[in-house]
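First residue of the sequence shown? That's 1108 in our numbering, and the numbers climb one at a time after it.
Below is one structure, written out as structure tokens; the observations come after it.
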Amino acid sequence: MDLDKKIATRQSYGEELAKLGEKNENIVVLDADLSTATKTEIFAKKFPNRFINVGIAEQNLMGIAAGLSTFGKIPYASTFAVFAAGRAYEQIRNSIAYPKLNVKICATHAGITVGEDGATHQMLEDLSLMRTLPNMTVISTSDDIQTRWAVREISKINGPAYLRLCRMATPVIYEENEKFEIGKGVQIGDGTDASIIATGVTVSEAIKAQEILKENNVNVRVIDIHTIKPIDRELIVKCAKETKRIITVEDHNIIGGLGSAVCEVLSEEYPVKIERMGILDSFGRSGKADELMRYYRIDSSAIVNRVLS
């Protein structure tokens, strides 16, 4: 674990996608005129004949990707999360999820950590939208290593997948060749005072909080739920039984996201007290990413205060 080393997961996505393209000729990449920002330009330079820029036409992006998948191709369709999950939702629902086509939707710039672009570009509802779609696998990665794994792994499953990526550089949490599995969360530490369940950019914040709390003789465990759907019900129930207290943290609206998913599991299997940290049913605002995390109380300091309270 190297929390001082930071890499944006969109950068990891672009680099790993190009490596995947070398190994699998069926990988094709589509982008909606944002390849510099989504980092699909790395693939485009290497495999120009397998890259399509559809322009600012996100609905068409999903339709073309759907069509390509019916010819045995594995399309990776990329744009900002607000356009992928928002503007093209109907096409994803009816042209990809409903027929269960093999399309990988890789959405960058998700959450308030988009920063200065402001509320219109800060997608806080995408996990909610995507996890309610039948047949859809939903993944939200927390660091460079995990993102590279996810890029490779979703190419192996036959069906639609939504991969959520962020704009800002985030700490490297995991070691090279770390083992992950779709649908299985990662437990960090064995603390019994509480379980902090996080996803995406908030995982490193939860780990920082874990270290601060340890200095106050409060021992918590951190659970990285990288797969929102199918979610790791077994691990969530295990943590509820062993710690009794659950706190969820996400760079997403608390309605419909990770916190809601955890509540659904525990209300059915092992009811305990749950506190949800995230965006409290509001839109975002313009500002630097770290300042916004403090403002919306999803940074390490806010997590420490919530645990201690």
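We put the beta carbon where it would ideally sit given N, CA and C, even for glycine.
For residue 1230 against residue 1195, the beta-carbon gap comes to about 12 Å, at or over 8 Å, which does not count as contact.
Around the beta carbon of residue 1143, fewer than 16 other beta carbons sit within 10 angstroms, so the residue counts as exposed. For residue 1269, the beta-bridge partners assigned by DSSP are 1212, 1245.
Beta-bridge partners assigned by DSSP to residue 1183: 1136, 1211. The distance from the Cβ of residue 1353 to that of residue 1408 is about 20 Å, inconsistent with a contact at the 8 Å cut-off. Excluding sequence positions up to five before and after residue 1114, its CB lies within less than 8 Å of the CB of 1250, 1251, 1276, 1277, 1279, all in the same chain and listed in chain order. Between residue 1237 and residue 1192, the CB-CB gap stays under 8 Å.
By the CB criterion at 8 Å, residue 1270 and residue 1316 fall outside the cutoff. Per DSSP, the beta bridge partners of residue 1294 are 1330.
Cβ-Cβ distances below 6 Å link residue 1207 to 1242, 1266 in the same chain, with the five nearest sequence neighbours on each side left out; the list follows chain order. The beta-carbon distance between residue 1225 and residue 1393, rounded to whole angstroms, is 4 Å. This is short enough to meet the 8 Å contact definition. Burial check for residue 1178: the Cβ neighbour count within 10 Å stays below 16, so the residue is exposed. With contacts defined as CB atoms closer than 8 Å, residue 1159 and residue 1122 fail to qualify as a contacting pair. If you draw a straight line from the Cα of residue 1136 to the Cα of residue 1157, it comes to about 6 Å. Nearest C-alpha to residue 1240 among 1337, 1383, 1328, 1384: 1337. Proximity to residue 1257 across 1294, 1211, 1165 peaks at 1211, based on C-alpha coordinates. The continuous beta strand (DSSP E) containing residue 1158 extends over residues 1158-1160. Linking residue 1176 to residue 1182 through their CA atoms gives a straight-line distance of about 6 Å. Membership of residue 1176 in the alpha helix (DSSP H) is indicated by the continuous run 1165-1176. Annotated three-state conformation of residue 1206 is coil, per DSSP.
When the beta-carbon positions are compared, residue 1247 and residue 1335 come within less than 8 Å of each other. Membership of residue 1144 in the alpha helix (DSSP H) is indicated by the continuous run 1142-1145. The beta carbon of residue 1371 lies closer than 8 Å to none in the same chain, with the five residues before and after it left out. In this structure residue 1375 is not in contact with residue 1364, their Cβ atoms being roughly 18 Å apart against a cut-off of 8 Å.
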